[in-house]
Amino acid sequence: MNKTKPPAKPGHIQSSSSEIPTNAGRRKALLAGLGAAGGAAAAGLITPARALADPANLPPNVADWSKVLGPGVDAYPYGMPSKFEKTVVRRHVEWLTATPESSINFTPLYALDGIVTPNGLCFERHHGGAAEVIPEDYRLMIHGMVERPLVFTYQDLKRFPPQSRFYFLECAANGGMEWRGAQLNGVQFTHGMVHCVQYTGVPLRTLLEEAGVKPKAKWLLVEGGDSAGMNRSLPMDKALDDCMVVYSMNGERLRTEQGYPIRLVVPGFEGNMWVKWLRRIEVGDGAWMAREETSKYTDLMPDGRARRFTWEMDAKSVITSPCPELPCKQKGPQVIKGLAWSGRGKIARVDVTVDGGRNWHQARLEDPIMSKCLTRFYLDGWSWDGNPAYLQSRAIDETGYVQPEMAALQAVRGVNSIYHNNAIQTWRINPTGEVENVRLA
Ligand code: MTE
Ligand code: CO
């Protein structure tokens, strides 16, 4: 392990199980409610129901599955994961929202390898439920300050020269429950409002060129066709830079819940702007000050004023193994695995500490390292001796930006904020091997 220069010393350890002013009761309820699915008890969830192997299936015997013909082709016209992996699913937090239609669930980051999220495990965020758009009846309108107002069908959009790109999408509220203290005991819940897929579609610039944007136009209003009619203002520079109007993710058509048949991709920007079931683009000369960029998705500062238009998602990382769902089963060598990302470009470096920040070691980054995309990192060569350990990761992106500690973030932003929490996460490994979400104060 290569040592890098030590940052500030860690201070007093505040456990996630200590009293939390606002949500302590809720947190207890969450852990109780989740039962085997939540927190340290997740060990029971990850381990197969039958903990011990059946000697009859072990060498030198011939295993049961080797004695019979398996199902033929087309037994599953659309393939599903192995039944032994059925606990790997999106999950939501009961108390977080009032209704499932305006709610969110979380990607099971602990169970995934590499950087691509399977479509069925991409977290969902809806403001008015998932719209079931009939593709033949789908239309995308571009109007306002353009030479030629246009209406595209789904087929029209597929006739343009396509482009495929990998990008992460992170909800601005990812980690929003963790501002005041360690709260949720699982990486699925603390960091799971992120996914990363390969999108295929048309550059938004191509469609705007078809319509002919007038010289004074500086903004777009992008609007969804769901019951929420969710809309956001998008600056023209970004629209002409790398935004895409997409119909596929990971090679197949968009899932209903991810905006079928068409969604907007706004690389590196907060997930809220990636409008699903995209139905309308209005071109104008000023921001619309829509609900989602005024009363929501702004950051409330300590002086009571709100920081608005925090579009780019700052560099962030998290250790996905070990984590509360994946405790250390035995002492000895452990590969520490994690994910890092930045809305401003590529990840340049990730450092990992096992002693709460006293010593940092440079992690191994795995190719491909792509701009505005998840990057996989590993720390090889660490051996757990059975004593408590405090694991953290710290991402640095190609602009030189360093992922901050929570204390540094709070010094500027206070604790009233919900959105844009990219603080360093700490996992404590207890002597039992269980892993807990804690805050180093
Ligand atoms: N678009 C529409 N039309 N309606 C929505 O509710 N939610 C937004 C965004 N686009 C939303 C939407 C938010 S807040 C996020 S984080 C992302 O979609 C989530 O995308 P996903 O559900 O594909 O993960
Ligand atoms: Co969101």
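Just so we're aligned: the sequence shown equals residues 1161 to 1601 in the working numbering. Note that CB positions come from ideal geometry on N, CA and C, so glycine has one too.
- Taking each of 1233, 1279, 1258 in turn and checking the Cα distance to residue 1248, the smallest one comes out for 1279.
- Taking the Cβ atoms as the reference, residue 1586 lies roughly 5 Å from residue 1552, within the contact range of under 8 Å.
- Its Cα nearest to that of residue 1210, the residue 1244 stands out among 1271, 1240, 1244, 1579.
- For residue 1300, the closest C-alpha among the options 1263, 1441, 1550 is that of 1441.
- Relative to the Cα of residue 1511, the nearest Cα in the group 1281, 1504, 1519 belongs to 1519.
- The closest heavy atom of the ligand MTE lies 6 Å or more from the beta carbon of residue 1474.
- By the neighbour-count definition (other C-beta atoms within 10 Å, threshold 16), residue 1496 is a buried residue.
- For residue 1586, the secondary structure class from DSSP, reduced to helix, strand or coil, is strand.
- Counting along the chain, residue 1349 sits inside the alpha helix (DSSP H) bounded by residues 1347-1351.
- For residue 1396, the enclosing alpha helix (DSSP H) covers residues 1396-1401.
- Of all alpha-carbon atoms in 1381, 1455, 1513, the one lying nearest the alpha-carbon of residue 1391 is that of 1381.
- Taken through DSSP and simplified to helix, strand or coil, residue 1544 comes out as strand.
- Closer than 6 Å to some heavy atom of the ligand CO: that describes the Cβ of residue 1331.
- Taken from the Cβ of residue 1471, every heavy atom of the ligand MTE lies 6 Å or farther away.
- Looking at the DSSP output, residue 1363 bridges to 1404.
- Runs of alpha helix (DSSP H) with 4 or more residues, each lying fully within the segment 1491-1576, are found at 1566-1573, listed in chain order.
- Taken through DSSP and simplified to helix, strand or coil, residue 1432 comes out as helix.
- The alpha-carbon separation between residue 1415 and residue 1421 amounts to approximately 8 Å.
- Contact holds between the segment 1576-1593 and the segment 1475-1493, because three or more Cβ pairs, one in each stretch, are under 8 Å apart.
- Judged by beta-carbon spacing, residue 1543 lies within the 7 Å limit of residue 1493, meaning their Cβ atoms are closer than that value.
- Under the DSSP assignment, residue 1317 falls in the alpha helix (DSSP H) whose first and last residues are 1314-1318.
- For residue 1279, no beta strand (DSSP E) run applies, since DSSP gives it neither H nor E.
- Residue state for residue 1226 is assigned as helix, using DSSP reduced to three classes.
- Look at residue 1388: its beta carbon is less than 6 Å from one of the heavy atoms in the ligand MTE.
- Exclusion of residue 1440 from the 6 Å shell around the ligand MTE follows from its C-beta lying no nearer than that to any non-hydrogen atom of the ligand.
- Between residue 1352 and residue 1268 the beta-carbon gap is near 7 Å, inside 8 Å, which marks them as a contact.
- Its chain contains 1335, 1338, 1344, 1585, 1597 as the residues whose beta carbon lies nearer than 7 Å to that of residue 1350, once the 5 sequence neighbours on both sides are disregarded; these appear in chain order.
- Note on geometry: alpha-carbon atoms of residue 1332 and residue 1502 lie some 13 Å from one another.
- Annotated as proximal: residue 1599 and residue 1341, with beta-carbon spacing under 7 Å.
- Between the segment 1301-1309 and the segment 1353-1363 there are fewer than three C-beta pairs closer than 8 Å, too few to call the two in contact.
- Distance from the Cα of residue 1470 is smallest, within the candidate group 1386, 1453, 1485, 1499, for 1453.
- From the listed residues 1324, 1264, 1417, 1457, the smallest Cα separation to residue 1402 is found for 1324.
- Residues 1511, 1563, 1584 of the same chain have their beta carbon placed closer than 6 Å to that of residue 1554, with the five preceding and five following residues left out of the count.
- For the options 1429, 1394, 1411, 1425, the alpha carbon positioned closest to that of residue 1450 is the one of 1394.
- In this model, residue 1233 and residue 1412 are separated by some 20 Å (Cα to Cα).
- Contact check for residue 1329 against residue 1431 passes: the beta carbons are separated by less than 7 Å.
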